[in-house]
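Participant:
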Amino acid sequence: MSSQSPPLGRPDRRPSVRYTPALGKLICEKIAGGQSEASLGREPGMPSVQAIYKWRAREPGFAAAYEAARDQARRGRVAKDRAEDEDRRWRRALRPRKDQRGGRVPTYTDELGGVILRRIAGGETVLSVGADPDMPCAATIYHWIRADDGFHDAYLKAKAVAADIFADAMLEIALESTETTARADALRIKTLRWTASMLAPKKYGVRRPLPPEEEDPDKPPWVVVVQEFGMTEDEALATIGRGPLAKVEPETDWWSTP
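Anchor point for the sequence shown: position 87 equals 234 in my numbering, and the numbering is continuous, going up by one each time.
Right, dumping it as structure tokens:
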């Protein structure tokens, strides 16, 4: 006897899957690993997206574990995207630029140097400036900094101005920080504080007490001489080396009757 085929346009009904703690744990592990709900629902023995939604509404423990798994997957994707973007920015920033005519970018000019310095003073790094297609690459900018003394001095001044921007950024991050972002904000503030202290050490550097000066054995010690009222300078100097200040009797008892 032949089996009857389903009507056209209507897919086969999926078999229902019941929730178990073991299955919920397996689903959370797959979600935390970066697998999407749609691809998970296509696997045999796994529930559909609608079934997962119902389980989350019915099972509080599964809902909490599922949200934690989604947060872990989200952090993993952000870290991966950030690493890929950083790699692309490094490669793009260090790659020599070419103009529309096929040649290399023009040599250093005061106008181009001024644009670069203004962007650096605004808080951008040489790498971020070099990643701009309209700007020379980071390697070229660093070459100009080393080769041109005037551009080098202006670059240091622009970095000092950027230190003030980093200080303002630390305050804004601290004021907008929440319990969720406190840990990440602490790392950002620590990095900005270190950068500002390196760029402007006199203004934002950590002030440490000076070590005590080493005693010079050849240097004579300080001697304090207390001169009492009625003593001459020679009489006061004569008390040196006698321990407590010795009183010097006056030659004449001017208060006695002659």
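Every residue, glycine too, gets a C-beta built ideally from N, C-alpha and C.
Compare the beta carbon distance of residue 181 and residue 220 with 8 Å and say whether it is the shorter of the two.
Facilitator: In this structure, residue 220 lies closer than 8 Å to residue 181 by Cβ.
Participant: Just the C-alpha distance for residue 290 and residue 284, rounded to the nearest angstrom, thanks.
Facilitator: Residue 290 and residue 284: Cα-Cα distance of roughly 10 Å.
Participant: Which complete alpha helix (DSSP H) runs does the region 260 to 314 hold, if anything under 4 residues is left out?
Facilitator: The region 260 to 314 contains these whole alpha helix (DSSP H) runs: 273 to 277, 285 to 294.
Participant: If you reduce the DSSP assignment to three classes, tell me which class residue 317 lands in.
Facilitator: If DSSP states are grouped into helix, strand and coil, residue 317 belongs with the helices.
Participant: Of all the options 171, 203, 209, 208, which has the alpha carbon lying nearest to the alpha carbon of residue 193?
Facilitator: Answer by Cα proximity: 171.
Participant: On the premise that residue 306 lies in contact with residue 263, defined as a C-beta separation below 8 Å, what is that separation, rounded to the nearest angstrom?
Facilitator: That belief does not hold up - the Cβ atoms of residue 263 and residue 306 are roughly 12 Å apart, past 8 Å.
Participant: Name the residue from 271, 196, 176, 278 whose alpha carbon lies nearest to the alpha carbon of residue 311.
Facilitator: The residue with the shortest Cα to Cα distance from residue 311 is 271.
Participant: Compute the beta-carbon to beta-carbon distance between residue 288 and residue 276, rounded to the nearest angstrom, for a pair I have assumed lies under 8 Å.
Facilitator: Rounded, the Cβ-Cβ distance is 7 Å, consistent with contact.
Participant: Report the three-state DSSP secondary structure of residue 182 (helix, strand or coil).
Facilitator: Correct three-state label for residue 182: coil.
Participant: Would residue 374 pass as a contact of residue 383 if the rule is Cβ separation under 8 Å?
Facilitator: Yes, they are a contact pair.
Participant: What residue from 226, 217, 308 has the CA that sits closest to residue 348's CA?
Facilitator: Closest option to residue 348, Cα to Cα, is 308.
Participant: Would you mind working out which of 256, 164, 168, 215 sits nearest residue 198, comparing C-alpha positions?
Facilitator: The residue with the shortest Cα to Cα distance from residue 198 is 164.
Participant: Can you tell which of 227, 303, 190, 332 has its C-alpha closest to the C-alpha of residue 345?
Facilitator: Among 227, 303, 190, 332, the Cα nearest to that of residue 345 belongs to 303.
Participant: Do you know whose CA, among 257, 319, 301, 207, lies nearest residue 168's CA?
Facilitator: Minimum Cα distance to residue 168 is reached at 207.
Participant: Just curious, the alpha helix (DSSP H) that residue 113 is in, first and last residue?
Facilitator: Only positions 148 to 405 of the chain appear in the structure, and residue 113 is not among them; the question remains open.
Participant: Taking the beta carbon of residue 286 as the centre, do at least 16 other beta carbons fall within 10 Å, making it buried, or is it exposed?
Facilitator: When all chains shown are included, residue 286 counts as exposed.
Participant: Can you tell which of 257, 328, 380, 179 has the C-alpha that lies nearest to the C-alpha of residue 224?
Facilitator: If we check each option's Cα against that of residue 224, 179 comes out closest.
Participant: Let me make sure I understand the geometry here. Which of 327, 326, 316 has the alpha-carbon closest to that of residue 335?
Facilitator: When only C-alpha atoms are compared, the closest one is 316.
Participant: Taking all protein chains shown into account, do 16 or more other C-beta atoms lie within 10 angstroms of the C-beta of residue 216, making it buried, or fewer, making it exposed?
Facilitator: By the neighbour-count rule (16 or more Cβ atoms within 10 Å), residue 216 is buried.
Participant: Expressed to the nearest angstrom, what Euclidean distance is found between the alpha-carbon atoms of residue 299 and residue 337?
Facilitator: Each residue's alpha carbon lies about 27 Å from the other.
Participant: Answer yes or no: do residue 255 and residue 295 have a C-beta to C-beta separation smaller than 8 Å?
Facilitator: In this structure, residue 295 lies closer than 8 Å to residue 255 by Cβ.
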